[in-house]
Structures are given as C-alpha cells and as structure tokens.
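Residue 184 in the working numbering sits at position 184 of the sequence shown, with consecutive numbering throughout.
Where a beta carbon is used, it is the ideal one built from N, C-alpha and C, also for glycine.
Given the structure is predicted, the values throughout are model-derived calculations rather than measurements.
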Amino acid sequence: MIMKKLIFLVLFFPLFSCNDWLDVESEVSVTYRNYFQSEQDIEDIFITILGNEKKIFAPLSQEPFDWTGMYCDDVADGVKGFRNLEWSAYSSSLGNYTNWGGFYSIIYLANMLEENRHRFQNVSEERINYWIAQANFFKGLMYFELARRWGEAPIAPATEDASAQAKSPVDTVLAYALRAAEAALVLPKYDQLTDASGAAVTSRQFASIGSVRTLLANIYAWMGGLHGDNKYWEKAEEQASLVIDGKAGAYSLVSMKDLVEKTLGSARDVTEVIHTIEMNGQDDDRYYQGSFWNSYPGFALFNYPYTTTDFEKIENAVKETRISVAKVQELYNDENDLRIKEYWLNLGEPIPVTQMNSEQKLDTIRWFYPNFAYLNKWREAIYSVNPDVNLGDRPLIGMEGNRVYWRLADLILLRAECRAHLDNADAVKDLNRIRERAGLMGYVGSTVKEDLLREIFNERDRELFGETCRYYDVVRFGYYRELLEGNFKTLTESDVKEGALYYPVSQNAFNKNTLMKQNTYWSWHLQD
C-alpha cells in the first residue's frame with residue numbers, strides 16, 4: 001500500500017494549535033463522540049500519528065544530539081556549542097531544538113483512540129484491537145525517545161485532563177514505554193498487516209510484531225546501559241533474538257551494494273528494514289521546498305558532488321561540517337571493507353584537475369589529493385525544479401529514499417552488545433555476521449568484555465555511519481567523556497546524575513504548567 005497523504009485532519013487542528021498536550025482543553029473531546037463511524041475514521045487518526053512521527057525522526061534539520069555525537073572533524077560554527085556542551089547554545093534556542101510537543105501529540109492521539117474505543121462503530125473487535133495496538137507501538141516509541149532525550153518527563157494524563165503535570169523519573173517513563181509496547185504485542189507479522197479497506201500494507205512505517213519486539217529490545221538495552229543490570233541485557237537479548245531468528249517476521253541482510261542502491265535509495269527495498277519513515281514525492285510537496293531536507297544525521301556531511309562540484313572549495317572551507325580522509329580510514333581500518341567503496345566516493349583517490357589550454361581544449365595539468373572525504377551512502381539527489389524557489393539555480397533539496405529507522409544489521413549488533421555484557425560467546429558470531437557481509441574476515445581480537453564491547457561499538461560506527469544518532473550509542477556504552485568534546489570530557493558523576501546527558505526542558509513546557517521544573521544540571525548552567 002502506498003502511504004496516504006500525511007495530513008492533519010481539520011477536525012484535530014485545535015489539538016495542535018499549542019506546543020503540547022498540556023495546552024489541550026478538555027471540551028474538545030465532545031468532537032469525537034460522533035466521529036468514529038467506520039474503520040477508515042480510525043485509520044485517518046493513525047495516519048496523523050505517522051505524520052507526526054515523520055516530523056520527529058525525519059526533520060528538516062539535525063537536532064543538537066546529532067551534532068554532539070557526529071563522527072567528523074569539523075562542524076559549522078552555528079552548532080559547535082551543541083557539540084561542546086556549551087550552555088549558551090541551549091539558552092538561545094530552547095524553543096527551537098528541545099520542544100517535546102510532537103512526542104506528546106502522538107501520545108495524546110494514542111490515548112484518545114484507546115479512551116474512545118467504545119465509540120467505534122461498524123468495526124469488529126479484532127480490528128479495534130489492531131488499531132489500538134498500532135497506536136500503542138507509537139506511544140511506547142515516544143515514551144522511549146522522551147526517556148533518551150530528556151530523562152525525566154511528564155506522563156500524559158487522560159485526554160480530558162488539562163491539569164498541570166509534574167515530571168516523572170526516567171524509570172517511570174521507561175516503564176510506560178514498556179507497558180505500551182507490550183500492549184502492541186498482539187500485532188501480526190508485517191506480511192499480515194492490512195489497512196481499513198482490507199488491502200495489504202507494504203509500508204514498514206506501520207507497526208508489526210517485528211518492530212514491537214525491536215522496540216522492546218531497544219528499551220531494555222537502554223535500561224541496561226542506564227543501570228548496569230544484567231537482567232535488562234537478558235531481556236533485550238531475548239527480544240532481539242525473536243526478531244533475528246525469524247520468529248517475528250522474515251528479515252534478511254542484503255548485499256552491501258543492494259543496501260546502498262536499493263534499501264537506502266529510491267527502490268525502497270524493505271528486505272532488511274524493520275521500521276522506516278515514508279519519504280516520497282506523493283507525501284512531500286517538493287515543488288515548493290526551498291531548503292535541503294536533512295532526514296538523516298549524516299546528511300550534514302554531504303558535499304562533493306551533491307552540494308558543490310568544486311572539491312577545492314571543500315578543502316579551503318573553515319566553517320563547514322566535514323570529515324577527513326584520515327578519519328574515515330581510521331574507522332574503516334581494513335582495506336577489504338566493502339563499505340569503503342559503497343559508503344564513500346573514491347575515498348582519498350587523486351582527482352584530475354583540468355583547464356583550457358592555449359588551444360581552448362581541456363588539458364589535465366595536475367592531480368589533486370583530497371584531504372576530506374565525500375559521503376556517498378545516499379546517491380540519488382533531488383534538486384529543485386521550481387523557478388520561483390531556486391531563482392535560476394537548482395539547489396539540492398533532498399535525497400531519494402525512505403528514512404530507515406531500524407534495520408536488521410542494527411539489531412544484530414545490538415544483540416551482540418547484549419551478549420557481550422552477558423559473557424555469551426555468541427556475541428562474536430553476531431559481530432562476524434556484519435563483518436562478513438562487509439567482506440571482512442571474522443573478528444580475531446580480544447574477547448575480554450571491555451575490548452569486545454569496544455569492537456562492537458566500532459562496528460556500529462562503521463555499519464550505521466550517518467544513519468542513526470550516534471550520541472545514544474556513546475551514552476549507552478558509557479564512552480561520553482572519551483569520545484565527545486568540550487564540557488563532556490569534564491563531566492562529574494554528579495553532573496550526569498543531575499541530567500547533563502539529557503536535553504534541558506524547553507521554555508514552552510513551562511507556559512501553562514506550574515509544576516514543570518528544569519532538570520538540576522540545566523537549572524544551574526542555563527543561568528551562566
């Protein structure tokens with residue numbers, strides 16, 4: 001099924017006129033009482049949830065944690081403050097970058113569907129359970145992301161309750177994430193999903209039992225990193241295994257070539273995909289788009305030949321985000337790694353520089369050896385064709401393909417991480433499965449827990465380069481003082497306990513909530 005146009009229904013405009021669920025007035029609930037006349041009405045609300053998810057996970061620009069954890073040499077001046085944990089960077093942009101309103105909009109809609117299920121008409125109980133489970137997956141995903149980003153966060157009350165809400169501890173937020181995800185375990189495998197009309201659903205943005213168990217694995221792994229308790233690693237390993245072993249759907253690794261050309265490209269192949277955000281010309285009005293859509297963190301590293309054909313300009317830039325050839329070679333330290341060829345354009349290879357000779361013919365005059373690397377993991381550029389927007393130029397406005405959120409390789413490496421924590425020798429088997437797909441020999445290094453975990457972390461860097469927010473891996477593995485920059489290197493244990501690794505609460509959240517409090521770390525440092 002092609003994803004429907006992701007729109008906000010006029011009926012629900014009042015719910016999103018403000019920044020989050022705390023601004024919703026209880027009397028709007030009367031709107032729902034005669035609304036749910038068919039299954040299509042339920043699906044329309046669900047499509048709105050998908051539209052909100054897209055705004056969160058495929059935004060127009062990177063968020064602060066994307067810059068904080070980005071594997072690169074330089075970043076643009078305007079985002080260095082985020083990279084270095086400079087408090088002033090957040091002081092000047094609290095409303096722009098750390099607003100949790102979109103997360104609570106999804107939670108609100110999920111709660112609204114559940115609270116109004118008794119009003120659904122002409123829909124079987126089985127299909128009601130199906131749609132409620134779909135909503136619960138996204139509710140669980142939102143609570144998980146709230147916990148990763150802010151730690152402490154409010155638990156959304158009933159939709160008719162507009163009272164002020166205090167923040168809950170991170171463990172409570174994660175408990176709600178688990179509860180919602182577990183409520184979605186009734187969903188079938190992806191090949192058994194259907195829409196309101198009975199047609200098969202082919203979009204992996206819809207939840208299935210595979211994506212639900214992947215969510216549970218990620219929640220438990222985050223709790224394992226948070227508390228260092230093996231019981232969470234055991235549960236994460238169990239959930240991941242159910243997916244990897246084919247008990248929650250048939251997911252398979254594709255070749256490195258197909259990963260880049262088909263999975264991450266316009267073919268949108270889903271063989272390896274567990275959860276994705278639909279990105280296409282039908283849903284996105286690209287004709288009027290005037291700026292580049294940074295749907296992946298790694299898009300910040302795009303340069304030659306997509307944003308410029310002047311490679312020497314990249315060399316001479318002083319305020320651009322870029323990564324050196326040396327740094328890429330340090331990461332991909334085996335020349336047989338197929339990802340060097342598939343993810344990077346002619347890494348470090350000399351470029352012929354030509355100019356017109358005296359006879360007005362092209363003549364090679366020298367070879368240029370680039371110091372900086374050209375990311376080529378996404379290759380199908382979308383340029384503006386609207387003369388009113390591009391003013392005669394054709395700026396890059398996006399790259400073809402969906403925004404893949406989870407794929408099988410990610411989950412295999414997550415299971416390797418769990419198994420390493422549990423001293424399970426099969427951790428190396430998982431690691432080798434990803435290495436072998438990349439054309440490498442099996443891992444022969446140290447299997448001491450700390451060494452093996454570091455190799456698994458490095459493999460995540462190599463495999464998932466540019467796709468995921470690397471910051472969360474750095475935090476979960478506990479490498480933030482070593483691998484992050486600026487004030488991260490001097491954080492004390494007290495700073496971490498007080499919330500230094502989380503976002504500050506946006507000023508918007510205080511507007512109508514007298515119980516809202518800033519986390520302890522940021523309440524001190526935002527005043528500096």
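Our two residues, GLU342 and TYR332, have alpha carbons roughly 12 Å apart in a direct line.
Following the DSSP letters along the chain, one finds HIS275 inside the beta strand (DSSP E) bounded by residues 273-277. ARG437 has its alpha-carbon roughly 20 Å from the corresponding atom of ALA420. Judged by DSSP secondary structure, TRP406 falls within the beta strand (DSSP E) whose first and last residues are 403-407. Inter-residue distance for TRP524 and ILE456 is about 36 Å (C-alpha atoms, whole angstroms). Rounded to the nearest whole angstrom, the CA to CA distance from ALA317 to ASN371 is 12 Å.
Under the criterion of beta carbons closer than 8 Å, VAL404 and THR276 qualify as touching, at roughly 5 Å. According to the DSSP assignment, GLY499 belongs to no beta strand (DSSP E), since it is labelled neither H nor E. Between ALA180 and LYS235, the beta carbon gap of about 16 Å keeps them out of contact (Cβ cut-off 8 Å). Our two residues, VAL75 and GLU272, have alpha carbons roughly 31 Å apart in a direct line. Your pair VAL474 and LEU484 checks out as a contact, with CB atoms roughly 6 Å apart and the cut at 8 Å. The alpha-carbon of ALA196 is positioned some 37 Å away from that of GLU463.
In this structure, ILE274 and GLY210 form a Cβ contact; the two beta carbons are roughly 6 Å apart against a cut-off of 8 Å. Taking a C-beta distance under 8 Å as the contact criterion, LYS377 and VAL254 do not qualify as a contact pair.
Within its own chain, the residues whose Cβ lies closer than 8 Å to the Cβ of GLY265, once the five positions on either side in sequence are excluded, are TRP378, ARG379, GLU380, GLU400 and GLY401, listed in chain order. With 16 or more other CB atoms across the displayed protein chains lying within 10 angstroms of its CB, SER208 is buried. With 16 or more other Cβ atoms inside 10 Å of its own Cβ, LEU408 counts as buried. DSSP, reduced to helix, strand and coil, places TRP131 within a helical segment of the structure shown.
Under the rule that a run must span 3 or more residues, the beta strand (DSSP E) segments found entirely inside the segment 243-303 read 273-277. Rounded to whole angstroms, the separation of the alpha carbons of GLU126 and GLU43 is 14 Å.
Three or more Cβ pairs drawn from the segment 412-419 and the segment 230-247 lie within less than 8 Å of each other, which places the two stretches in contact. Within the same chain, and ignoring the five residues on either side of TYR287 in sequence, the residues whose Cβ sits closer than 6 Å to its Cβ are ASN386. Counting only runs of at least 4 residues, the segment 363-451 fully encloses the following alpha helix (DSSP H) elements, listed from N- to C-terminal order: 387-390, 408-421 and 426-437. Secondary structure note for PHE103: its alpha helix (DSSP H) is the uninterrupted segment 101-115. By alpha-carbon distance to PHE57, the top candidate from LEU440, LEU141, GLU115 and ILE323 is LEU141.
In the structure shown, the three-state DSSP call for ASP74 is strand.
Under the DSSP definition of a beta bridge, THR490 lacks any partner. Only residues of its own chain outside the window of five on either side were considered, and among them GLN121 have a CB closer than 6 Å to the CB of GLN37, listed in chain order.
Restricted to the segment 312-337, the alpha helix (DSSP H) segments that are unbroken, complete and at least 4 residues in length are 325-331, listed in chain order. Per DSSP, the beta bridge partners of TRP344 are LEU375. Rounded to whole angstroms, the gap between the alpha carbons of ASP334 and LEU440 is 8 Å. Around the beta carbon of TRP406, 16 or more other beta carbons sit within 10 angstroms, so the residue counts as buried.
Rounded to the nearest angstrom, the Cβ distance from TRP100 to LEU146 is 6 Å, consistent with a contact under 8 Å. Distance between TYR479 and TYR35, taken at the CA atoms: about 50 Å. With contacts defined by Cβ atoms closer than 8 Å, CYS72 and THR321 form a contacting pair. Cβ neighbours of ILE340 within its own chain (closer than 7 Å, five residues either side excluded): TYR332 and LEU347.
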